[in-house]
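Each number in our numbering comes from the position in the sequence shown (counting from 1) with 631 added on.
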Amino acid sequence: MKIIMLGAPGAGKGTQAKQIAAKYQIPHISTGDIFRANIKNGTELGMKAKSYMDAGGLVPDDVTIGMLLDRISEPDSKNGYVLDGFPRTIPQAESLTKALAERGENIDYAIDVDVPDEAIVSRMSGRRACVSCGATYHIVYNPTKKEGICDACGQTLILRDDDKPETVQKRLSVYHEQTQPLIDYYSKEGKLVTVDGTQDLNDVFRDIVKVLGE
């Protein structure tokens, strides 16, 4: 079962990807993890990616696809995988479709965790993080016992720059411009499944399982 997760930043697709991976015993593959592993292991593609990243540029699609194909060739991916964070654009999706077709494979499902922008802004601006131990909370969904203080280590919590409303709006604009077209792409391919991401996390997962099967 080969799955792509779609959804805006803060929609909760990463959380769902982990749950899917655990239930169906397939790897949860994020591009960030692939980059880090290749750079750490000093692979040829990893060194190429690092040279672009060190220069402040974007890693070219062919390098990213190369690392991704290496990763999904590993034994733990033989029964499928969940891709989280790739593809992000139509050219990446087309490159992935072509590369998989050359291997006699294709994506089975593209799951879109759909959450309206205003709900994402509200959700993310309520996040709080502990700079000391890294614990994260939410003022509504996962509040601390004492307001503004980390339950784990007692240090003061902060609203990270990434979670500030103006930053979230910028990230959503980029998402709508670059990544939203993927929804149309996978819809035309007959692979798209849309779930209501405004529900409780367990209900979102239940809806996904209804599609994927027990």
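All residues carry an ideal CB built from backbone N, CA and C; glycine is no exception.
Provide the residue(s) that pair with residue i in DSSP beta bridges, ordered along the chain.
i	result
Thr767	Ala760
Asp745	Asp827
His659	Val713
Leu637	Asp743
Ile780	Thr787
Verify whether the separation of the beta carbon atoms of residue i and residue j is less than 8 Å.
i	j	result
Ile849	Asp739	No information on residue 849 is available, as it lies outside the stretch 632 to 845 that the chain covers here.
Arg702	Ile660	yes
Gln809	Arg719	yes
Ile751	Ala642	yes
Asp745	Gly821	no
Ile670	Gly677	yes
Ser804	Gln786	no
Cys761	Ala730	no
Ile651	Ile839	yes
Lys644	Asp715	yes
Ala648	Met632	no
For residue i, name the three-state secondary structure that DSSP assigns.
i	result
Tyr816	helix
Ser753	helix
Tyr740	strand
Met684	helix
Thr674	coil
Tyr712	strand
Met698	helix
Thr775	coil
Lys795	coil
Leu790	coil
Thr646	helix
Arg892	The structure shown does not extend to residue 892, since the chain is modelled only from 632 through 845, so no value can be given for it.
Ala723	Reading the sequence as shown, one finds Gln at residue 723 and not Ala. Helix, per DSSP.
Gln811	coil
Glu733	helix
Pro706	helix
Taking buried to mean at least 16 other C-beta atoms within 10 Å of its own C-beta, is residue i buried or exposed?
i	result
Thr695	buried
Ile789	exposed
His877	Nothing can be reported for residue 877: it is not among the residues displayed for the chain, which extend from 632 to 845.
Met755	buried
Gln723	buried
Arg667	exposed
Gly711	buried
Lys709	exposed
Gln811	exposed
Gly638	buried
Tyr817	buried
Leu832	exposed
Met698	buried
Leu727	buried
So, is the C-beta of residue i closer than 8 Å to a C-beta in chain C?
i	result
Asp782	Chain labels in this structure do not include chain C; a single protein chain is all it has.
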